[in-house]
Amino acid sequence: MKRKVDMKIRKFSRRRLFMLIIAGLFFTPLVSVAETNLNDLDARLSGTVILGDLVEYAYRNNPSIWEAREAWRATIEQYRLETAYPDPEIMMTYFPDPLETRLGPQDWNANLTQKIPFPGKLSKAGEVVEAEARIAKLNVDKTIRDIIVSIRESFYELSYIRQAQTAADQNLKLLDHLRKISETAYAQDRNTLLDMVKAQSQSGQLRYDILLLRDLEETEMAQLNSLLNRQTDAPFGRLEVEIDQSVVFSLDEIYQLAETHQEEIQMAKVQIERSKRKIELAKFQNLPDFKVGLFYAGIGNPDVANPPPNAGDDALGIQTGITIPLWFGKNKSRVLKAKAEMKRAEAAKTARVNETSAKIRSFYFRLENARRLIELYSKELLPQAAKSMEIAETWYQEGQSSFSDFIETQSVWYNFQLALARAKADYGKNLARLERLVGKSITIRQADHGMKKEGK
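The numbers in the working numbering rise by one with no breaks, and the one at position 56 of the sequence shown is 93.
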């Protein structure tokens, strides 16, 4: 039994790299497992940035993943420690004043003993470690998942900031043009002073927005670089973002998927199994252990006139022993403690399922709300704002409206651009958070159609 389990653990260890990569693939369809060194990835990140390259870089270079992986390896090695026999003991005694015996003086003796646990105790301890190894493996998957989700959140936030920068730059150019028109019209008594001041104020606000967005971009790039274990100021090129990420599962199906796939819930289930094994182990610990040994004594020649025929022969003995689990209170407490730990694990699992369901509902609402906002701004509000700006410009040129009305429509158009970019980023971030709760991808991936890309 011990040999079979040990072979199973070693096989489990050999497959760890493959399983880690699979865990990453579950959370993003963009993960690349190609054998590309970090220098090549760095060069690609300076050009066009896709999520797959970011995730691959983090998988290779993130210290949190290293830590979780080594903790798993340490747990696997613990199996051999827990299932091995205790070290044998040897005790030697030398007598400066030899003990006189019938056969002669005893100069020294030696004891060699080996403790043998009750049959089944070591294999049960191995089952506990097996459960701990499964928990450690799930923790590796959880760490990879959390890093991927953090990368996706930072990626979409950086995408929003850059889209907002583009919109602000475009609107600043337009507003500077309008401001010059306003100043010319004011000089010709066609505009009021208030119109000119409003144009200048709007231009100043846009310049402030641009400065703020630049600072936010540097902050977000530092956050993303920290996840990749790169230099804080390492650059990123143009971001390439998927825009077709529809959820294919209903809310009820998502609840079921989370209970099946989420790492924390799986860890809680394995923790319950571990507690059951610990209860069984505690019962084994209430059983006696055995000892076997050899005793050898060195006997000298007796200083007597008529020594016996076997005088001076060394003594050899076989020893056996057994521990006595006498303290029943201690033995009972072992079992009660293990049972309490199992009830605690069961309660923790139930609490985690309930907490996950509540969070899924919250993030699903945010995801759907972001999707509705994307449709609202892209299909209705933004086109209407652009049309209104054209009409306002025409009316202003024809003298049917004031310059302030023209500036106001331009401001609305700019704010709608920002709102659309914000909704797209929120959709991507909430999708990543929802998939973290589920433990797997919940979006459509059609192999027969090229994925739409949006350059940022």
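No residue lacks a Cβ here, since even glycine has one placed at the ideal position from N, Cα and C.
Practice item. Assign D246 to one of two classes, buried (16 or more other C-beta atoms within 10 Å of its C-beta) or exposed (fewer than that). Key: D246 is buried by the Cβ-count criterion.
Review point. Is the beta carbon of R398 within less than 8 Å of some heavy atom of the ligand ZN?
Key: The model on display carries no ligand, and the ligand ZN is accordingly not part of it.
**Study point:** Residue environment, G366, which counts as buried when at least 16 other CB atoms sit within 10 Å
**Key:** exposed
Check your understanding: What residue ranges within the stretch 134–218 form continuous beta strand (DSSP E) runs of no fewer than 3 residues, ordered along the chain?
Key -> 141–153
Review point. Does the distance from the C-beta atom of L455 to that of A236 stay below 9 Å?
Key: no
Point to revise | Own chain residues within Cβ distance below 6 Å of L474, not counting five before or after | key: If we look at L474 and ignore the five residues flanking it on each side, its Cβ neighbours are A295, T393, K396, I397.
Review point. Do L334 and W109 have their CB atoms nearer than 9 Å?
Key: The sequence shown places Ala at residue 334, not Leu. Contact flag unset, no.
Check your understanding: When DSSP labels each residue in this structure, what does V285 get in the three-state scheme?
Key -> coil
Check your understanding: Considering only residues of the same chain and omitting the five flanking positions on each side of Y464, which have a CB-CB separation below 7 Å?
Key -> The answer, listed in chain order, is L404, A407, R408, I411.
**Study point:** Helix, strand or coil at I102 according to DSSP, with G and I counted as helix
**Key:** helix
Check your understanding: G330 by DSSP, collapsed to three states: which one?
Key -> strand
Review point. Any idea if P325 is buried or exposed, counting beta-carbon neighbours within 10 angstroms, 16 or more meaning buried?
Key: exposed
Review point. Beta-carbon of S399 versus every beta-carbon of chain D: anything under 9 Å?
Key: Among the chains in the structure shown there is no chain D, since it carries only a single protein chain.
Exercise for review: Taking 9 Å as the cut-off, decide whether the C-beta atoms of Y193 and A469 are in contact.
Suggested key: yes
Exercise for review: Within 10 angstroms of the Cβ of E72, are there 16 or more other Cβ atoms? Answer buried if so, exposed if not.
Suggested key: A caution first: E72 carries a pLDDT of 44, below 50, which makes its placement in the model unreliable, though a value can still be read off. Flag for E72 reads exposed.
**Study point:** Residue range of the unbroken alpha helix (DSSP H) whose run includes E405
**Key:** 365–413
Review point. Hey, how far is the Cα of E301 from the Cα of I291?
Key: 16 Å
**Study point:** Nonlocal neighbours in the same chain, by C-beta distance under 7 Å from Y451, ignoring five residues either side
**Key:** A204, N208
**Study point:** beta strand (DSSP E) segment containing L121, residue limits
**Key:** The sequence as given places Ala at residue 121; Leu does not occur at that position. Run containing A121: none; DSSP gives neither H nor E here.
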